[in-house]
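K.L.:
Just dropping this structure here.
2 protein chains.
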Amino acid sequence: MFTRTDALRLDDACTLKHKRAAFSIPEGMIYLDGNSLGVLPASAMTRVKRTVEIEWGQDLITSWHKHGWGELPQKAGDKIARLIGAEAGSVVVTDTISINLFKVLSAAVAKRPGRKIILSDSGNFPSDLYVAQGLCSFMADGHELRVVEPEEVYNAITEDVCVVMITETDYRSARRHNMKEITAKAHEKGCLIIWDLAHSAGAVPGQLMDVNADFAIGCTYKYLNGGPGSPAFVFVNPRLQNEILPALVGWWGHAQPFAFEQNYVAAQGITRMQVGTWPTISMQALDAALDVWADIEMVDVYAKAQKMCALFVELAEARCGAHGVTLYGSRDFAHRGSHVCLRHTQAYAIMQALISRRVIGDFRAPDMMRFGFAPLYNSYVDVWDAVEVLRGVLDGGLWDVEEFRERKAVT
Amino acid sequence: MFTRTDALRLDDACTLKHKRAAFSIPEGMIYLDGNSLGVLPASAMTRVKRTVEIEWGQDLITSWHKHGWGELPQKAGDKIARLIGAEAGSVVVTDTISINLFKVLSAAVAKRPGRKIILSDSGNFPSDLYVAQGLCSFMADGHELRVVEPEEVYNAITEDVCVVMITETDYRSARRHNMKEITAKAHEKGCLIIWDLAHSAGAVPGQLMDVNADFAIGCTYKYLNGGPGSPAFVFVNPRLQNEILPALVGWWGHAQPFAFEQNYVAAQGITRMQVGTWPTISMQALDAALDVWADIEMVDVYAKAQKMCALFVELAEARCGAHGVTLYGSRDFAHRGSHVCLRHTQAYAIMQALISRRVIGDFRAPDMMRFGFAPLYNSYVDVWDAVEVLRGVLDGGLWDVEEFRERKAVT
Chain A
20 MFTRTDALRL
30 DDACTLKHKR
40 AAFSIPEGMI
50 YLDGNSLGVL
60 PASAMTRVKR
70 TVEIEWGQDL
80 ITSWHKHGWG
90 ELPQKAGDKI
100 ARLIGAEAGS
110 VVVTDTISIN
120 LFKVLSAAVA
130 KRPGRKIILS
140 DSGNFPSDLY
150 VAQGLCSFMA
160 DGHELRVVEP
170 EEVYNAITED
180 VCVVMITETD
190 YRSARRHNMK
200 EITAKAHEKG
210 CLIIWDLAHS
220 AGAVPGQLMD
230 VNADFAIGCT
240 YKYLNGGPGS
250 PAFVFVNPRL
260 QNEILPALVG
270 WWGHAQPFAF
280 EQNYVAAQGI
290 TRMQVGTWPT
300 ISMQALDAAL
310 DVWADIEMVD
320 VYAKAQKMCA
330 LFVELAEARC
340 GAHGVTLYGS
350 RDFAHRGSHV
360 CLRHTQAYAI
370 MQALISRRVI
380 GDFRAPDMMR
390 FGFAPLYNSY
400 VDVWDAVEVL
410 RGVLDGGLWD
420 VEEFRERKAV
430 T
Chain B
20 MFTRTDALRL
30 DDACTLKHKR
40 AAFSIPEGMI
50 YLDGNSLGVL
60 PASAMTRVKR
70 TVEIEWGQDL
80 ITSWHKHGWG
90 ELPQKAGDKI
100 ARLIGAEAGS
110 VVVTDTISIN
120 LFKVLSAAVA
130 KRPGRKIILS
140 DSGNFPSDLY
150 VAQGLCSFMA
160 DGHELRVVEP
170 EEVYNAITED
180 VCVVMITETD
190 YRSARRHNMK
200 EITAKAHEKG
210 CLIIWDLAHS
220 AGAVPGQLMD
230 VNADFAIGCT
240 YKYLNGGPGS
250 PAFVFVNPRL
260 QNEILPALVG
270 WWGHAQPFAF
280 EQNYVAAQGI
290 TRMQVGTWPT
300 ISMQALDAAL
310 DVWADIEMVD
320 VYAKAQKMCA
330 LFVELAEARC
340 GAHGVTLYGS
350 RDFAHRGSHV
360 CLRHTQAYAI
370 MQALISRRVI
380 GDFRAPDMMR
390 FGFAPLYNSY
400 VDVWDAVEVL
410 RGVLDGGLWD
420 VEEFRERKAV
430 T
């Protein structure tokens, strides 16, 4: 029987435990929503303060050179590249994930004239499907989005597909697609492929270059802790960077933005995925947040996340199963993302009760409670305590985290 | 003969003079680049600190409701609407100016099938031209960008034009197009019209609804002081909001983003111009910066800017004309924007010297020095002193702002 003491022992032996001190975690809160909005790294707070007070406030326009504002998209991109299995110079931080998808999707569609099908699956995040629908409506030339079930994607990759557009880690079930097999099949059939890494970046080991992916996009406000709505990233395989052109281009993607020429000439490399000026304060917060990852290996992060997910499910089923709580999605912890969805008919009310007791997850309609596990700051004892609070809520009790910790301290 | 004492008297009589205290202006700096990056409002610093420490740091994901993150694009949009002559509910703050141009341009093109010409002029900001070129290249169906000289725009509006896409205030010469006449001509010929207000918003009185404009876009980091790269705005005339659809759509423009439906259903109104999640820290800085404008009438701002521009040109010509400094663009101060471009063969070197002497403007290739006048924090004595420093540089002297002020204090 696994006890709280066992959880404490696991934490004590954890090679990532020192990282928790890099974050500002609210007192008494068990935060299991780092897959939605990561917590504040102390480095980000410091950087934002400097950016506003010194860079904007004192140095103003000269900060573009003096403080390297102009290089932030590439600099932050390089820090992310290592985590997602890409090389330096193949990732840029810019705009939002949906906008970056639009760029690479339009570029991919233009690269495969004659093919009219964009293939995706029903487990994809809805905004990705909307982006494809918006593009197809606009083109009005027979391009269409074909949505199949996740397990049918592999077989649905045929020679009429121009681009396969799927999310590696399902935002609800945490199921992971097999990037290697699907990418290989896409290339075998002459398709291009776009991987959405929204729930993968900072959670699972990167493999973009290993699998020879064409494009990838992802967001930075989840596991990467870039702050609310921090700019997204886009990856283009170096072999394609100078061969593709999005429908959406702008001056920061020009070969010489400050020459103010009338005609667009695309910059070489990943830079052509940039369009306009980025929100520098948010970008600086992200760039500083990424420094926390400098000495981290994703395999270690993933190993801990898998253990935390497995433990959470085991404890929740053992202690809360009688209350009708069930796991949504796979229990194959070796092949899934770092969040867990539990289902319950009263999921919304239960999540509200958990939040009022300072255990933070999120609700996903119609009946899901989603909990994310961020190995840099979540501990095994967080997992143990969260389940205990969940059981307290389900039992109709009034426990909150502080009460619970005090109780533990005296028993 | 206008003296520094006259400038001080004008400042003393200025009805906007109390606003300067709302900004953090570096000691000893004469900042004439508010048309490129506005200075830091104290309110923005306070808001950013609260956003990072309390909202992100403590309240985390619950801030979306608790601190109104979800309403920021509309809330900030409404504050801008008043300044640009639009009504509440017709402006949203989101993404960048180039991306917003892409949205409204694609929507306009789709609304005028059969017409293939996008009309613009050579005075437009290059990124706007790039956006149109990118869209036309992608469509590859005969759509083309036609670029004429600014003074030819009116006559170039013909029935083969689907959309007229021009910038009201020229980023170099400060020439302003006649919005009323050009919009009326566009509508007479059945074209849609997009106004870029990058160098107008916060500088010249808004007239979007007065002239019945279809679309407008603009940025917020210039005269509106939203901070480096702060998100841009987009206006859609209420009569068109539910009739148009951009090629680029995403979940925040969905009628029910959190229903996570597979099919895109556009939200009613201006909301459909939103795509993905916004950079909240930068957005909060902007929202707070806009509060400085709450009791401001644009006619007062513009009147002061016109006087400052006229005075700057008069003083510069009188004192620096012999050194080969000439005005670029119109001297019709009743019909121009709030910046001035001076030409000189050594413009780059002179601007560097000015910056080292803490008079900040910017250089625009090949031979322009650009100075922006922001009536909320620039004073008439700033104008007088800046010209004096410019003269000092041109005379080959070593004056800087501090020395100059000290000298004045003792003479």
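Note that the protein sequences, when read in sequence, are chains A and B. Using the working numbering, read the first sequence as starting at 20 and increasing by one per residue. Using the working numbering, read the second sequence as starting at 20 and increasing by one per residue. Cβ atoms here follow ideal geometry from the backbone N, Cα and C, with glycine treated the same way. Quantities reported herein were computed from a predicted structural model and do not represent experimental measurements.
Would you mind reading off the limits of the beta strand (DSSP E) that contains C345 of chain B?
P.N.:
One point to set straight first is that residue 345 of chain B is Thr, not Cys, in the sequence displayed. Start and end: T345 to Y347.
K.L.:
The alpha helix (DSSP H) with D319 of chain A in it runs from where to where?
P.N.:
Per DSSP, D319 of chain A belongs to the alpha helix (DSSP H) from M317 to C339.
K.L.:
Can the beta-carbon of K130 of chain A be found closer than 8 Å to that of I263 of chain A?
P.N.:
The answer is yes: Cβ separation under 8 Å.
K.L.:
For the alpha helix (DSSP H) holding G96 of chain B, just list the boundary residues, first then last.
P.N.:
It spans L91 to L102 - the alpha helix (DSSP H) in which G96 of chain B sits, taken as one unbroken run.
K.L.:
Hey, how far is the Cα of C238 of chain A from the Cα of A95 of chain A?
P.N.:
If I take the Cα positions, the gap works out to 12 Å.
K.L.:
How far does the beta strand (DSSP E) with R181 of chain A in it reach, from first residue to last?
P.N.:
Reading off the sequence shown, one finds Cys at residue 181 of chain A, where the question assumed Arg. Counting along the chain, the beta strand (DSSP E) containing C181 of chain A begins and ends at V180 to T186.
K.L.:
Spell out the partners DSSP gives V378 of chain B in its beta bridges.
P.N.:
For V378 of chain B, which the question treats as bridged, DSSP gives the partners B:I49.
K.L.:
I believe F352 of chain A touches Q371 of chain A by the beta-carbon criterion, under 8 Å. Please report the beta-carbon distance rounded to the nearest angstrom.
P.N.:
Contact doesn't hold; Cβ gap of about 28 Å is too wide.
K.L.:
So, is the C-beta of N54 of chain B closer than 8 Å to a C-beta in chain A?
P.N.:
Answer no: the Cβ-Cβ gap between N54 of chain B and chain A never drops below 8 Å.
K.L.:
DSSP on D215 of chain B, reduced to helix/strand/coil?
P.N.:
Here D215 of chain B sits in strand by DSSP.
K.L.:
Counting only beta-carbon atoms, is H273 of chain A nearer than 8 Å to chain B?
P.N.:
Yes, H273 of chain A counts as interfacial toward chain B.
K.L.:
According to DSSP, is V223 of chain B part of a helix, a strand, or is it coil?
P.N.:
Residue state, collapsed to three classes: coil.
K.L.:
So C155 of chain B is in the alpha helix (DSSP H); what residue range does that whole segment cover?
P.N.:
Here the alpha helix (DSSP H) through C155 of chain B covers P145 to M158.
K.L.:
If you reduce the DSSP assignment to three classes, tell me which class K38 of chain A lands in.
P.N.:
Three-state DSSP puts K38 of chain A in a helix.
K.L.:
Count the other C-beta atoms from every protein chain shown that fall within 10 angstroms of the C-beta of R383 of chain B, then say buried if there are 16 or more, exposed otherwise.
P.N.:
Classification for R383 of chain B: buried.
K.L.:
Secondary structure at F423 of chain A, three-state DSSP: helix, strand or coil?
P.N.:
Only weak support is given to the placement of F423 of chain A: the predicted model assigns it a pLDDT of 44, under 50, and the question is left unresolved by the model.
K.L.:
Among residues of its own chain, excluding the 5 on either side of W403 of chain B, which ones have a beta-carbon nearer than 6 Å to its beta-carbon?
P.N.:
Closer than 6 Å at the Cβ level, and outside the excluded window around W403 of chain B, lie R23 and A26.
K.L.:
From this set, A:A232, A:P45 and A:D30, which residue's C-alpha is nearest V378 of chain A's C-alpha?
P.N.:
Closest by alpha carbon: A:P45.
K.L.:
What is the DSSP secondary structure of D310 of chain A, reduced to helix, strand or coil?
P.N.:
D310 of chain A falls in the helix class under three-state DSSP.
K.L.:
Name the residues in the region 73-97 of chain A whose C-beta lies less than 9 Å from a C-beta of chain B; which are they?
P.N.:
Under the 9 Å Cβ criterion, the region 73-97 of chain A contributes E74, W75, G76, Q77, D78, L79, I80, T81, S82, W83 and W88.
K.L.:
Nearest-angstrom Cα distance between A217 of chain B and Y190 of chain B?
P.N.:
Approximately 8 Å between the Cα atoms of the pair.
K.L.:
Using the three-state DSSP reduction, which class does S109 of chain A fall into: helix, strand or coil?
P.N.:
The answer is coil: DSSP assigns S109 of chain A none of H, G, I, E or B.
K.L.:
Please name the residue, chosen from B:V230, B:R101 and B:G53, that lies closest to H196 of chain B on a Cα-to-Cα basis.
P.N.:
Of the candidates B:V230, B:R101 and B:G53, the one whose C-alpha sits nearest the C-alpha of H196 of chain B is B:V230.
K.L.:
In three-state DSSP terms, what is E280 of chain A?
P.N.:
Residue state, collapsed to three classes: coil.
K.L.:
Compute the Euclidean distance between the alpha carbons of M198 of chain A and E187 of chain A, then round it to the nearest angstrom.
P.N.:
In a straight line, the C-alpha of M198 of chain A is about 7 Å away from that of E187 of chain A.
K.L.:
For the region 57-89 of chain B, which segments carrying the alpha helix (DSSP H) assignment without a break, of at least 4 residues, lie completely within its bounds, in sequence order?
P.N.:
Listed in chain order, they are 61-69 and 82-85.
K.L.:
Using only the alpha-carbon positions, how far apart do R66 of chain B and E163 of chain B sit?
P.N.:
The straight-line gap from Cα to Cα measures roughly 44 Å.
K.L.:
Span of the alpha helix (DSSP H) holding V400 of chain B?
P.N.:
Y399 to L413 is the span of the alpha helix (DSSP H), which, as asked, contains V400 of chain B.
K.L.:
Any residues in the region 30-50 of chain B with a beta carbon nearer than 7 Å to a beta carbon of chain A? Which ones, in chain order?
P.N.:
Correct list: S43, P45 and Y50.
K.L.:
Name the chain A residues whose beta carbon is nearer than 7 Å to that of F121 of chain B?
P.N.:
Chain A residues near F121 of chain B: L267.
K.L.:
Tell me whether the beta-carbon of F121 of chain A lies closer than 8 Å to the beta-carbon of S125 of chain B.
P.N.:
No.
K.L.:
Within the 8 Å Cβ cut-off, does F279 of chain A reach chain B?
P.N.:
Yes, F279 of chain A counts as interfacial toward chain B.
K.L.:
Please classify L27 of chain A: does DSSP put it in a helix, a strand, or coil?
P.N.:
It is helical.
K.L.:
Pull up the DSSP beta-bridge partners for F392 of chain A, would you.
P.N.:
None; F392 of chain A has no bridge partner.
K.L.:
Does the Cβ of W75 of chain A lie closer than 7 Å to at least one heavy atom of the ligand COA?
P.N.:
The ligand COA is not among the ligands present in this structure, which contains no ligands whatsoever.
K.L.:
Quick one: which chain A residues come within Cβ less than 9 Å of R282 of chain B?
P.N.:
First, the residue type needs correcting, since residue 282 of chain B is Asn and not Arg in the sequence shown. By Cβ distance, chain A contributes P145, L148, Y149 and Q152.
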